[in-house]
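Comments concern the structure below.
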Amino acid sequence: MPGDTEQLAVVDGVGPGTAAAGSGAVEASKAHASSQPTTQSSAQVTKRLQSELMALMTSAQNDGVSAFPDGDNIFIWIGTIVGGAGTVYENLSYKLSLKFPVDYPFQPPTVKFETPCFHPNVDQYGNICLDILREKWSASYTVRTILLSIQSLLGEPNNESPLNGYAAHLWSNEEEYLKVLTKKYQEAVGTNK
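Sequence positions in the sequence shown follow the UniProt record's numbering and run 1 to 193.
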């Protein structure tokens, strides 16, 4: 298109206008380019995920979180979280699915509880209300930081934005909450703890 050619010519300093106009166009062009989403090749995403997997496997920390690819697909993982000490979730083990987009780590993975989880910030489908999995996502987060954040959320829910109103209502009564949590967990995993 003629306008596109003119824009390129000005950006390259060859078209009409003064140097000041040309540099303004350069700045506008740079701003436009920086607002475009960055995509990585599948190989780069695979390399990042393999690196995170190695870090998880070689970590000496026993912090109650782990994750591995589900079969041969590096873009789909199964994670495990054990509830933190001193919380109503202590020693309860939950499976989660992590599905990584092709533009990871610039976009967050989709993370869901596969083991039903009674919690103010988890809905009946396993969806999690956690800001770092949405608007507060950063490319610096790793699988480990995601799982540790969810583990922390178990013991410290955000009752200001609950996905499960009943769990949010019960949260202030620890004894009653624990009773319902234990019953629902036993039903979900088929145990009589």
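Just so you know, even glycine gets a beta-carbon here, dropped at the ideal spot from N, CA and C. Every value quoted in this text rests on a predicted model; they were computed, and no experiment measured them.
I150 versus D72, K112, E175 and L53, residue with shortest Cα-Cα distance: Ranked by Cα distance from I150, the first of D72, K112, E175 and L53 is K112.
Would you call E135 buried or exposed, if buried means 16 or more other Cβ atoms sit within 10 Å of its Cβ? When all chains shown are included, E135 counts as exposed.
N- and C-terminal bounds of the alpha helix (DSSP H) containing K184: Counting along the chain, the alpha helix (DSSP H) containing K184 begins and ends at E174 to V189.
Could you have a look at residue 263 and say whether DSSP puts it in helix, strand or coil? This structure does not reach residue 263, given that the chain is present from 1 up to 193, and the question cannot be answered.
Under 9 Å, do L98 and G79 count as touching if we go by C-beta distance? Yes. Within cutoff.
Local Cβ density within 10 Å of N173, reported as buried at 16 or more and exposed below that: Its Cβ having fewer than 16 others within 10 Å, N173 is exposed.
Cβ neighbours of T110 in the same chain (closer than 6 Å, five flanking residues each side left out): Closer than 6 Å at Cβ, skipping near neighbours: K99.
So, for A31: in the same chain, excluding its five sequence neighbours on each side, which residues have a beta-carbon less than 6 Å away from its beta-carbon? Summary for A31: the model assigns pLDDT 39, below 50, so the residue's position carries little reliability; its value from the coordinates is reported in the next sentence. None.
Using the three-state DSSP reduction, which class does D131 fall into: helix, strand or coil? Residue state, collapsed to three classes: helix.
Where do the ends of the beta strand (DSSP E) carrying residue 197 lie? Only positions 1 to 193 of the chain appear in this structure, which leaves residue 197 out of reach.
Excluding five sequence neighbours on each side, which residues of the same chain lie with their C-beta closer than 8 Å to the C-beta of G84? Within the same chain, G84 has close Cβ partners G64, E90, Q151, S152, L154 and G155.
Would you list the residues sitting across from E90 in a DSSP beta bridge? BP columns for E90 point to G83.
Taking the alpha carbon of T142 as the reference point, which residue from L49, Y185 and E176 has its own alpha carbon closest? When each option's Cα is compared against that of T142, the closest is L49.
Compare the Cα-Cα distances from D131 to each of V88, Q107 and T58 and report the closest residue. Sorting V88, Q107 and T58 by C-alpha distance to the C-alpha of D131 places Q107 at the top.
Could you tell me if N62 is buried or exposed, where buried requires 16 or more neighbouring beta carbons within 10 angstroms of its beta carbon? Exposed, since its Cβ has fewer than 16 Cβ neighbours within 10 Å.
Report the rounded CA-to-CA distance for L104 versus A139, giving the unit in angstroms. Before going on, a small fix: residue 104 reads as Tyr here, not Leu. When rounded, the distance between both Cα atoms is 8 Å.
Of the residues L56, T46, K95 and T87, which one's Cα is nearest the Cα of D72? Here the closest residue by C-alpha is T46.
Pull up the DSSP beta-bridge partners for T110, would you. Beta-bridge pairing links T110 to K99.
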